[in-house]
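Chains as they are written, first to last, in the working numbering: chain A, 1 to 88; chain B, 89 to 594. Cβ coordinates follow ideal geometry from the N, Cα and C atoms, glycine included. A short write-up of the structure that comes next.
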C-alpha cells in the first residue's frame with residue numbers, strides 16, 4: 001500500500017489533497033470545497049480524490065448527488081500517510 | 089499571557105521573519121558589496137553588558153583587527169554604546185573601532201517598539217548620510233512587508249480553520265438532508281459525527297413516546313463489528329442526563345449532546361477519541377452544531393414517514409372499500425406484492441418505482457367504482473355497450489387518483505394496465521414498449537390475480553392453470569420478457585406457499 005500511495009503522491013494535486021486532509025482530519029468536504037482548499041481545478045481534484053479513496057486513505061460518503069470526502073480512520077493507514085507526508 | 093508577553097512574542101516573530109527575509113538579505117548583501125564588507129550581524133535584543141555582547145558574532149568581526157583582550161573589551165564597549173544609542177534615539181548610530189574601522193547599528197522597529205538591531209561592522213570608511221537614508225528607508229519597507237506577512241499568517245491561522253470547519257458543517261448538512269429514510273439517516277449521522285470528532289464510538293438514542301426512556305436507534309463502534317444497543321432511562325448515565333438537562337454532558341472520554349427541536353428528540357453520544365485525548369469545549373461546540381442539523385434531518389424523515397404511512401393507509405382504505413363492493417374480491421395482496429418485489433428489481437426498477445407499482449396493484453380497479461353493479465356482476469357475456477363501459481375503468485380510475493397528489497406517479501400505470509403487448513388493449517391501443525414498463529408488469533399481475541380469485545359470476549382457476557394461461561398470452565397480451573420473469577418468480581417455493589395460504593387452497 002505504501003508504494004502505491006507513494007506513486008500517487010508523486011502528483012502534486014494528490015499530494016496537496018492528502019496533506020489537506022492529514023492536517024484537517026475532521027474535515028468532510030465536497031469536490032468543490034477541496035478544490036478551493038488546494039486551489040486546483042475541480043475535474044483534476046475529483047480524479048485525485050477517487051484515486052485516494054481507492055488507495056484507502058480517504059473515505060467517500062455519497063448520498064444522491066452529494067459526495068463528501070474525509071480522512072481515513074484506520075490507524076495503520078494514518079501512520080503510513082503521516083510517514084509519507086512528513087518525509088516529503 | 090499578558091500584553092507585555094504577547095508583544096514580546098510578536099516582536100520575536102517579527103525578528104525571526106526579518107532574519108529569514110530574502111529582500112533584507114539581498115539589501116544587506118548589496119550594501120556589503122558596495123561597502124566591501126560582509127560583516128553584519130542581526131541582534132534579537134540589546135546585549136545587557138559586555139559579557140553578553142561577547143557571545144555575539146560581532147566579536148568575531150572585531151577580532152579581525154584587534155588582538156589584545158584589553159583593546160577588544162574597549163572596542164566592544166564602544167559598539168555596545170552605539171547599539172544602546174540607536175535604541176535610545178530610535179535611529180541609526182555610527183561607531184568606529186580599531187584604527188580605521190567603522191560600523192553602524194540600526195534598530196528594527198515596529199510602531200516605536202524595537203524587535204532587534206542590524207549591526208554592520210568592518211566598514212573601511214564612514215557611511216554617508218545619503219547612503220544611510222537609503223539603507224534605513226529600504227529596511228523600513230522590508231519591516232512593513234514582514235508585518236503584513238505576519239498579519240496574513242495570523243489571519244490564515246484564525247480564519248482558515250474556521251472556514252474549513254464551516255465547509256465541513258455545510259457538507260455534513262447536505263449529506264444528512266439528502267435522505268428521508270430514518271433507517272439510513274441515523275447511521276449516517278453517527279458515521280459523520282465519528283468522522284468530524286475523530287472518535288471510535290457513536291450512539292444515537294431517541295426519546296420514546298412516553299418521554300421516559302431513550303431508545304437505542306444506532307450504534308457504530310469502529311473497534312467492533314457489532315455493538316450493544318441499550319435502552320437508557322432519562323436522567324441516568326451521560327445520555328440520559330444530557331436529555332434531562334437539555335445541555336451537553338462532557339467527560340474525559342465521552343460527550344453526550346441532546347438533539348433539541350421544540351422538545352428534546354434524542355441524544356448523540358460520542359465515546360473515545362482516536363488519539364485518546366479528552367473531549368474539549370471545541371468538540372462540544374462542533375457536536376452541538378451537528379446535533380442541530382441532525383434534529384432537522386430526523387424531524388424531516390419522521391414527517392416524511394408519517395406522510396408515507398398516511399398515504400399507505402389511505403390506499404389500503406380505498407382498497408378495502410373496493411373489496412367490500414358486491415363485485416369485490418378477496419385479493420391475495422401479500423403474494424402479489426411479493427411477486428412485484430421479485431420481478432421489479434430484475435427489470436431495473438428502483439425502490440420508489442416499485443413502491444408506486446405496489447400502490448397501483450392495490451388500486452388498479454379504482455375506476456370500477458363508477459361502473460354500474462349490474463354490469464360488473466353480470467353472469468353471462470357482456471354486450472358491446474356493456475364492454476365499452478367496462479373499458480372506461482382505467483381512465484376513470486386514473487382520473488380519480490390523479491386528484492390525490494402523492495399518487496400522481498401511479499396514474500399512468502393505472503391508465504395503461506389494460507394495454508396489450510400486440511396493441512389490441514385499451515384505452516389507447518398502445519403496443520410493446522409504448523406501454524410504460526410498470527403498466528406492463530401490472531398487466532401480468534392483475535390478469536393472474538383475476539384468474540386465481542373467485543368472482544361472483546365465475547370460479548377461480550388453479551394457480552398452475554392461471555400461470556399456464558399467462559404464459560400462453562406472452563407476446564400477444566403480455567410483454568414476453570416480463571412473463572418469463574413472472575414464471576420464475578411464481579414457481580419459487582416461498583411465493584407458492586404464500587399464494588396457497590392466502591387463497592386458502594393447496
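Taking 3 residues as the shortest admissible run, the stretch 236 to 322 of chain B contains the following complete beta strand (DSSP E) segments, listed from N- to C-terminal end: 287 to 295, 301 to 309. Counting C-beta pairs closer than 8 Å gives fewer than three between the stretch 429 to 436 of chain B and the stretch 462 to 479 of chain B, which falls short of the contact rule.
Residue 9 of chain A carries a coil assignment under DSSP once its states are collapsed to helix, strand and coil.
In this structure, residue 210 of chain B lies near residue 189 of chain B, with their beta-carbon atoms less than 8 Å apart. If you keep only unbroken beta strand (DSSP E) runs of at least 3 residues inside the stretch 18 to 51 of chain A, you get nothing at all. Between residue 164 of chain B and residue 150 of chain B, the C-beta gap is smaller than 8 Å, which places the two residues in contact. With contacts defined as CB atoms closer than 8 Å, residue 172 of chain B and residue 214 of chain B fail to qualify as a contacting pair.
Contacts with chain A at 8 Å (Cβ-Cβ) include residue 263 of chain B.
In the displayed model, residue 325 of chain B falls within a helix according to three-state DSSP.
Taking 8 Å as the CB threshold, residue 259 of chain B lines the interface with chain A.
Short of 6 Å from the beta carbon of residue 57 of chain A, and not among the five residues preceding or following it, lie these beta carbons of its own chain, in chain order: 72, 77, 81. C-alpha of residue 245 of chain B to C-alpha of residue 392 of chain B: approximately 42 Å in a straight line.
Scanning chain B for C-beta atoms nearer than 7 Å to the C-beta of residue 27 of chain A yields 252, 256, reported in chain order. DSSP places residue 376 of chain B in the uninterrupted alpha helix (DSSP H) bounded by 369 to 411.
Residue state for residue 149 of chain B is assigned as helix, using DSSP reduced to three classes.
Residue burial annotation: residue 118 of chain B is exposed, with fewer than 16 other C-beta atoms found within 10 angstroms of its C-beta.
If you look at residue 360 of chain B, you'll find it isn't in any alpha helix (DSSP H); it sits in the beta strand (DSSP E) that goes 352 to 361. Under the Cβ distance rule, residue 381 of chain B does not count among the residues neighbouring chain A, no pair being separated by less than 8 Å. Here residue 422 of chain B is exposed: its Cβ has fewer than 16 other Cβ atoms, across all protein chains shown, within 10 Å. Your pair residue 273 of chain B and residue 264 of chain B checks out as a contact, with CB atoms roughly 7 Å apart and the cut at 8 Å. In this structure, residue 278 of chain B places its C-beta atom within 8 Å of the C-beta atom of residue 306 of chain B.
Cβ-Cβ separation between residue 205 of chain B and residue 131 of chain B: approximately 4 Å, consistent with a contact (criterion under 8 Å).
In the three-state reduction of the DSSP assignment, residue 173 of chain B falls in the helix class, which pools H, G and I. With contacts defined as CB atoms closer than 8 Å, residue 383 of chain B and residue 349 of chain B qualify as a contacting pair.
Two segments are said to touch when three or more pairs of C-beta atoms, one from each, lie closer than 8 Å; by this definition the stretch 539 to 556 of chain B does not touch the stretch 500 to 515 of chain B. Excluding residues up to 5 positions away in sequence, 280 lie with their Cβ nearer than 6 Å to the Cβ of residue 260 of chain B in the same chain.
Only buried fits residue 565 of chain B, as 16 or more other CB atoms lie within 10 angstroms of its CB. Listed in chain order, the non-local C-beta contacts of residue 591 of chain B below 7 Å within the same chain comprise 420, 540, local neighbours out to five positions each way being set aside. Inter-segment contact for the stretch 8 to 26 of chain A and the stretch 35 to 54 of chain A is present: three or more beta-carbon pairs are separated by less than 8 Å.
Short of 6 Å from the beta carbon of residue 127 of chain B, and not among the five residues preceding or following it, lie these beta carbons of its own chain, in chain order: 149, 209, 210. By the C-beta criterion, the stretch 522 to 532 of chain B is judged to be in contact with the stretch 562 to 582 of chain B, since at least 3 inter-stretch pairs fall below 8 Å. Look at residue 179 of chain B here: in three-state DSSP terms it is coil, with no helix or strand label. At a cut-off of 8 Å between beta-carbon atoms, residue 310 of chain B makes contact with chain A.
By the neighbour-count criterion, in which 16 or more other beta carbons inside 10 Å mark a residue as buried, residue 114 of chain B falls on the exposed side.
Straight across, the Cα-Cα distance linking residue 477 of chain B with residue 490 of chain B is about 20 Å.
Classified as buried, residue 192 of chain B has 16 or more neighbouring CB atoms from the shown chains inside 10 Å of its CB.
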